[in-house]
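What follows is a single structure, written as structure tokens, with notes after it.
There are 2 protein chains.
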Amino acid sequence: MPKEDAPEFVDTITIKDIAKALNLSTSTVSRALRDSYEINPETKRLVLDYAEKMHYRPNPIALSLKENRSQAIGVIVPEIANTYFSQAINGIEAAAYERGYHVVIFQSQESYEREVEKVEHLAARRVDGVLMSLSSHTFDIDHLKTLQDRGMPLVFFDRIPTSIETHKVVADNFGGAYRATLHLLESGRRRIAHITSQPGLSITKERLSGYLAALKEYNIDHDEQLVKFCTYTQEEVEANLDALFSLAAPPDGFMTASDRLALGYYGGLKKRHIRIPEDVAFVGFSNLNVAELLNPPMSSVVQPAFQMGHTAAGLLLDLIEKKEKFPEYRIERLSTELFIRESSCPNKH
Amino acid sequence: MPKEDAPEFVDTITIKDIAKALNLSTSTVSRALRDSYEINPETKRLVLDYAEKMHYRPNPIALSLKENRSQAIGVIVPEIANTYFSQAINGIEAAAYERGYHVVIFQSQESYEREVEKVEHLAARRVDGVLMSLSSHTFDIDHLKTLQDRGMPLVFFDRIPTSIETHKVVADNFGGAYRATLHLLESGRRRIAHITSQPGLSITKERLSGYLAALKEYNIDHDEQLVKFCTYTQEEVEANLDALFSLAAPPDGFMTASDRLALGYYGGLKKRHIRIPEDVAFVGFSNLNVAELLNPPMSSVVQPAFQMGHTAAGLLLDLIEKKEKFPEYRIERLSTELFIRESSCPNKH
DNA sequence: TTGTAGGCGTTATCAC
DNA sequence: GTGATAACGCCTACAA
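Keeping their order, the protein sequence lines are chains A and B.
Going by my numbering, 1529 is the number at position 98 of the first sequence; the sequence numbering is gapless.
Going by my numbering, 1765 is the number at position 334 of the second sequence; the sequence numbering is gapless.
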């Protein structure tokens, strides 16, 4: 008789049901299902056939409770509706699928509080490991240190913390930003604005370093007025745009830290009727295939999002499955590539 | 003593631990934690303080096992790296968060087998309800009928099946396609190609109907050579493009069923040096803000992705929480909006 | 007001 | 080769 309040699933069958139906004990059934050597082949057949017929499926919740594990890894990203992360998730799922794990996806929505909450929930759900990319509002990472201290395998990717020793997978942000900036310099730009993400993030810092290193090669001083940290909101992007173009010496080039920021700038420039081809050149960190369709086309640094997810998940699963702890923390750095897209616009100077 | 093989979580504390520490029974502790009226206020304080101090967190797995529910809803989308679905997921998460539910996200990767697998896994995981958008290779929906028969609350959104009675949330695909096509007709186009998704999908059929209805207003016959069903791969897009432009009477307009398809076509046309402004006009179903940045800008039908997710999740949660079953199946149809973006290109005829 | 016992589904240990 | 029992963490009917 089903409990009164609980949902009833009419044909959910358990080991106990099988045992009853075949006049066996639950332990025998359990062993038969797990193909134990100590079970009579006939009994085994009987059980397997019946289980098949009744669509028996082991209850993963009961297993998790017993085993303290779940055959699942948890992923926390700042935002799923960010092409970079959704592509990374694809890489993660591919790696997990190959090795028989499920993937539980959460987003922190760029909020520290949400991130803490999700971390706790994943731990409570007994995921076997966690893949993490930090929210832009996360400065204190005690929640992650605690997680690690409690023995949870943990791998950071893309947006990594500096103040914790762990396994990390990152892109070569420095190199990408360096080459992108150099490209603008080589095409004659000298007032290159850098529009980038929140200052606390690792990716922000690395890209800024690359930008500055390139400027240095041309003996150009760091002009802080040309560096803008911001979120993805169009209002903020436009405020920065106004600030930049009201400078005594406005920028003649843009090195943006993401495709979304770049699109925001294109939109903002267009709205202000600032003709992009004649005034400014763009480079962005792009994962979209729109870069070359824009007017003018945008050169871009492409980061291997899928590969990053795949690598990070592979590393995490190694961690989970190796009995012995890895002797030291590994850091994988994936290379980035600069695609130069020339404007075919005739009025280019 | 911890089990030898299971992962140890050093400070994971249970009700039993609290009971032992305070010399109480587990039931007393349990009741105190749930703020039961029958517990001595002092005992309650004692328990709550200790639980707080030790960072006690109830084990959701044990709860799920007991209650056959999980305070979580499951979502299956064809692909997360699709702006439309990732925005819908945001809407879903917002609605779920408001009502204290977690969201478990899976992708079917446009594969029927994967979809079946994910559905089973969600059911096994005892999610309290399922939100579903069909894969493009799903024609047989027995797995979903079964799920529903077993009592699982189920709401479809965006890509819905026709052969099952359920709650559904969809966009006004017919109206959007109708208005988009009409827009092209009004601007003088007469050979309008329709590039769309897989023929089995509800969205595909509805949009095709809208397209045909608009043509009919202008007494234009349905030319099947102008309608192309395809996936998102660039190869397929380009093959269609070649077929279309090798027609005796090539298209002079495009009505595409998604932003991604539209971008594929822009890319393909560009590669072939087909000058878009003079030859063809585009309309696409867009959720990106790039439409107006393209060259030429693309008019687009915008669908409310976030709102769709939010609505669908709200409906599902109502279903879950109402004791009485809803008397009849509800279908929500969300309106779409056509944004016309004129080319500012001087060589427009 | 508090304690005891049983059960959710499964597996491991120990008997027989 | 098979069965009984306990345990994972929690809740609740029943007993005291």
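Where is the CB? At the ideal position from N, CA and C, for every residue including glycine.
Proximal chain A residues relative to residue i, where beta-carbon distance stays under 8 Å
{"i": "B:K1701", "result": "E1723 and L1724"}
{"i": "B:I1511", "result": "I1511, S1517, I1520, N1521 and I1536"}
{"i": "B:G1619", "result": "Result: empty, since nearest Cβ-Cβ is about 24 Å, beyond 8 Å."}
{"i": "B:S1495", "result": "I1492"}
Residue i: first and last residue of the uninterrupted beta strand (DSSP E) it sits in
{"i": "A:V1714", "result": "A1712 to S1717"}
{"i": "B:I1507", "result": "A1503 to V1508"}
{"i": "B:G1560", "result": "G1560 to M1563"}
{"i": "A:E1541", "result": "Here A:E1541 belongs to no beta strand (DSSP E), and DSSP marks it neither H nor E."}
{"i": "B:V1721", "result": "Looking at the DSSP string, B:V1721 is not in any beta strand (DSSP E), and its letter there is neither H nor E."}
{"i": "B:E1768", "result": "E1768 to F1770"}
Residue i: contacting residues in chain A (beta-carbon distance under 7 Å)
{"i": "B:P1491", "result": "A1555 and R1556"}
{"i": "B:A1508", "result": "The question names Ala, but residue 1508 of chain B is Val in the sequence shown. Correct list: empty, because the minimum Cβ distance to chain A is about 10 Å."}
{"i": "B:I1782", "result": "Because chain B here runs from 1432 to 1780, residue 1782 of chain B falls outside it and cannot be looked at."}
{"i": "B:N1720", "result": "L1694 and G1698"}
{"i": "B:H1574", "result": "By Cβ distance, chain A contributes nothing, its closest Cβ being about 11 Å from B:H1574, past 7 Å."}
{"i": "B:H1653", "result": "Chain A residues near B:H1653: none, gap ~30 Å exceeds 7 Å."}
{"i": "B:H1598", "result": "Near B:H1598 there are no residues of chain A at all, since even the closest Cβ is about 17 Å away, more than 7 Å."}
Delimiting residues of the alpha helix (DSSP H) encompassing residue i
{"i": "A:V1534", "result": "Segment H1533 to Q1538 is the beta strand (DSSP E) holding A:V1534; no alpha helix (DSSP H) there."}
{"i": "A:G1740", "result": "A1736 to E1752"}
{"i": "B:E1524", "result": "T1514 to E1529"}
{"i": "B:D1573", "result": "D1573 to D1580"}
{"i": "A:N1785", "result": "For chain A, the structure presents residues 1432 to 1780; residue 1785 of chain A sits outside this window and is missing."}
{"i": "B:R1462", "result": "T1457 to L1464"}
{"i": "A:P1472", "result": "P1472 to K1484"}
{"i": "B:P1489", "result": "Segment: none, B:P1489 is in no alpha helix (DSSP H) and carries neither H nor E."}
{"i": "A:I1446", "result": "I1446 to L1453"}
Integer Cβ distance of residue i from residue j, believed to fall under 8 Å
{"i": "A:N1604", "j": "A:G1641", "result": "7 Å"}
{"i": "B:H1625", "j": "B:L1657", "result": "6 Å"}
{"i": "B:R1462", "j": "B:I1470", "result": "5 Å"}
{"i": "B:A1743", "j": "B:V1600", "result": "4 Å"}
{"i": "B:H1598", "j": "B:R1703", "result": "The pair is not a contact, with the Cβ atoms about 45 Å apart (cut-off 8 Å)."}
{"i": "B:R1620", "j": "B:D1683", "result": "5 Å"}
{"i": "A:I1504", "j": "A:D1559", "result": "6 Å"}
{"i": "A:A1712", "j": "A:L1615", "result": "6 Å"}
{"i": "B:S1566", "j": "B:F1588", "result": "Not confirmed; about 14 Å, so no contact."}
{"i": "B:L1765", "j": "B:V1586", "result": "Actually they do not touch by this definition, with Cβ atoms about 14 Å apart."}
{"i": "A:A1555", "j": "B:R1500", "result": "The Cβ separation is near 16 Å, so there is no contact."}
{"i": "B:K1549", "j": "B:I1591", "result": "That belief does not hold up - the Cβ atoms of B:K1549 and B:I1591 are roughly 17 Å apart, past 8 Å."}
{"i": "A:A1688", "j": "A:F1716", "result": "6 Å"}
{"i": "A:M1739", "j": "A:V1714", "result": "Incorrect: roughly 20 Å between the Cβ atoms, too far for contact."}
Closer than 9 Å at the beta carbon, the chain A residues around residue i
{"i": "B:R1761", "result": "In chain order: nothing, as chain A lies at least about 20 Å away."}
{"i": "B:H1741", "result": "Neighbours of B:H1741 on chain A: none; closest Cβ ~14 Å, over 9 Å."}
{"i": "B:H1614", "result": "Going along chain A, no residue has its Cβ under 9 Å from B:H1614, so there is no contact; the nearest lies around 21 Å."}
{"i": "B:H1625", "result": "Those within 9 Å of B:H1625 in chain A number zero; the least Cβ separation is about 21 Å."}
{"i": "B:E1648", "result": "The premise fails here: B:E1648 is roughly 32 Å from chain A at the closest Cβ pair, so nothing lies under 9 Å."}
Interface residues of chain B facing residue i [CB-CB closer than 8 Å]
{"i": "A:T1514", "result": "A1512 and T1514"}
{"i": "A:R1706", "result": "Under the 8 Å cutoff, chain B gives no residues; its nearest Cβ is about 11 Å from A:R1706."}
{"i": "A:R1488", "result": "E1551 and A1555"}
Chain-ordered chain B contacts of residue i [CB-CB under 9 Å]
{"i": "A:G1745", "result": "Here the premise fails: no neighbours, minimum Cβ distance about 19 Å."}
{"i": "A:H1568", "result": "Correct list: empty, because the minimum Cβ distance to chain B is about 17 Å."}
{"i": "A:E1667", "result": "Those within 9 Å of A:E1667 in chain B number zero; the least Cβ separation is about 15 Å."}
Beta-bridge pairing of residue i - partner residues as DSSP gives them
{"i": "A:T1687", "result": "A:I1626 and A:G1715"}
{"i": "B:I1762", "result": "B:K1599"}
{"i": "B:K1659", "result": "B:I1626"}
{"i": "A:S1731", "result": "A:G1715 and A:F1770"}
{"i": "A:L1585", "result": "A:V1561"}
Which ranges would you report for the beta strand (DSSP E) in the segment 1587-1654 of chain A if only whole runs of at least 3 residues count? 1598-1602 and 1623-1627
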